[in-house]
Amino acid sequence: MIIVRDVSKTYVTPYDNIRALNKVSLQIARGDIFGIIGFSGAGKSTLIRCLNRLEEPDAGTILIDGKDITAMDKIQLRLARRKIGMIFQQFNLLDAKTVYENVAFPLEVSGYPRDRIKSRVEEILTLVGLTNKLNAYPLQLSGGQKQRVGIARALSNEPAVLLSDEATSALDPQTTYAILELLKDINKKLGLTIVLITHALDVLKHICNNMAVLEDGKIVEQGPVEKFFVNPESRTAKQFIDILQGFQDKSLDREGAGR
Ligand SMILES: Nc1ncnc2c1ncn2[C@@H]1O[C@H](COP(=O)(O)OP(=O)(O)O)[C@@H](O)[C@H]1O
Ligand SMILES: [Mg+2]
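In this note's numbering, the protein residues as written are 1055 to 1313.
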């Protein structure tokens, strides 16, 4: 269970102070796939980065499985972060390392037993469907394959939580679909909680059970995903549904024109 209570974050720049999060509160159940949606600049990345304190909140509390992330010192935080995997839009792989080495790296850093690293890496690469690319370098991989490496690396230390910040935004629709299916499969097989940030409504619809809408650093709506489609309440939610509807109408027009 993840509990976010009254979390605020302001960035201080030479020009102004930007209030990225304004008393955000959320509850995410263990094993859930929870989506956070919002337009660009709404504060999505700031929120997800506060969960593992890549960004320091100014105020508020974050509890993950009963442990107060916000109260931890550096050493406690380093240990806690092993149980919080993260994947990114730009994959963040080490280009000079092979697929195998990219996935082995977090294990080496965390002091995983040396004699078990090889079997662990192979196990996790089997899970993401990349056993045939063990010795390839990131530059030799497609976007979808790179993100599979990103997922494998994030899962290597057997985390309880996986954070995904726009992890499919750089991928084409088919690849996006395949990666979302993989995340669903991992959620089911490993029972881990997934917190997924997106600005694409179809991503949220495809994979999430529950969701929250972020608007100007505030949660303006949350609940089961179905509710959001049937009865959107916030301005952001309504706009997202309108945009999705517009796309669907356009593709219907195109189909019609082809006949
Ligand atoms: N490191 C930073 N320094 C200053 N302002 C930032 C920084 N990161 C984000 N911001 C600002 O905080 C707000 C929220 O940003 P972000 O969390 O990245 O939103 P999103 O991921 O929803 O696009 C934006 O106005 C953004 O410009
Ligand atoms: Mg972002």
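Here a beta-carbon is modelled for each residue, glycine too, at the ideal position from N, C-alpha and C.
Of the heavy atoms belonging to ligand 2, at least one sits nearer than 7 Å to the Cβ of K1098.
When C-alpha distances from G1114 are compared across N1211, S1079, A1221, the shortest belongs to S1079. One thing to note: L1133 has its Cβ no nearer than 8 Å to the Cβ of L1217. The beta carbon of T1252 sits no closer than 7 Å to any heavy atom of ligand 1.
Taking one beta carbon from each stretch, the segment 1058-1067 and the segment 1230-1249 have fewer than 3 pairs nearer than 8 Å; the two do not touch.
Shortest Cα-Cα distance from I1082 to any of A1150, A1214, S1223, Q1144 involves A1214.
Secondary structure note for Q1081: its beta strand (DSSP E) is the uninterrupted segment 1071-1082. In its chain, beyond the 5 residues on either side, A1224, L1225, T1229 have a beta carbon closer than 7 Å to the beta carbon of G1197. The C-beta distance from V1157 to R1103 rounds to 23 Å, too long to fall under 8 Å, and the pair is not in contact. A residue is called buried once 16 or more other Cβ atoms fall within 10 Å of its Cβ, and I1129, having fewer, is exposed.
Take I1138, set aside five residues on each side of it, and the residues of its chain with a beta-carbon closer than 6 Å to its own are N1106, P1213, V1215, in chain order. Going by beta carbons, F1142 and D1219 fall inside the 8 Å limit. In its chain, beyond the 5 residues on either side, E1176, L1179 have a beta carbon closer than 8 Å to the beta carbon of T1185. Separation of A1125 and I1118 (C-alpha to C-alpha, rounded to the nearest whole angstrom) is 12 Å. The alpha-carbon separation between K1077 and E1110 amounts to approximately 14 Å.
Rounded to the nearest angstrom, the gap between the Cα atoms of G1085 and M1055 is 8 Å. For S1099, the enclosing alpha helix (DSSP H) covers residues 1098-1105. When only Cα atoms are considered, R1289 and D1296 end up about 11 Å apart. Annotated as distal: N1263 and G1277, with beta-carbon spacing of 8 Å or more.
Secondary-structure assignment with DSSP links E1269 through a beta bridge to K1272.
The beta carbon of F1088 lies closer than 6 Å to those of I1082, V1249, N1264 in the same chain, with the five residues before and after it left out.
The beta carbon of V1153 sits closer than 6 Å to those of K1187, L1188, A1190, V1203, all from its chain and outside the five residues before and after it, given in chain order. Within the model, the alpha-carbon separation for I1261 versus L1234 is close to 7 Å. As the crow flies, the alpha-carbon of F1282 is around 16 Å from that of F1093. The secondary-structure analysis by DSSP pairs D1122 across a beta bridge with L1117.
Within the DSSP bridge table, the entry for K1063 names L1075 as partners. In the DSSP secondary-structure assignment, D1219 is bridged to F1142, I1251.
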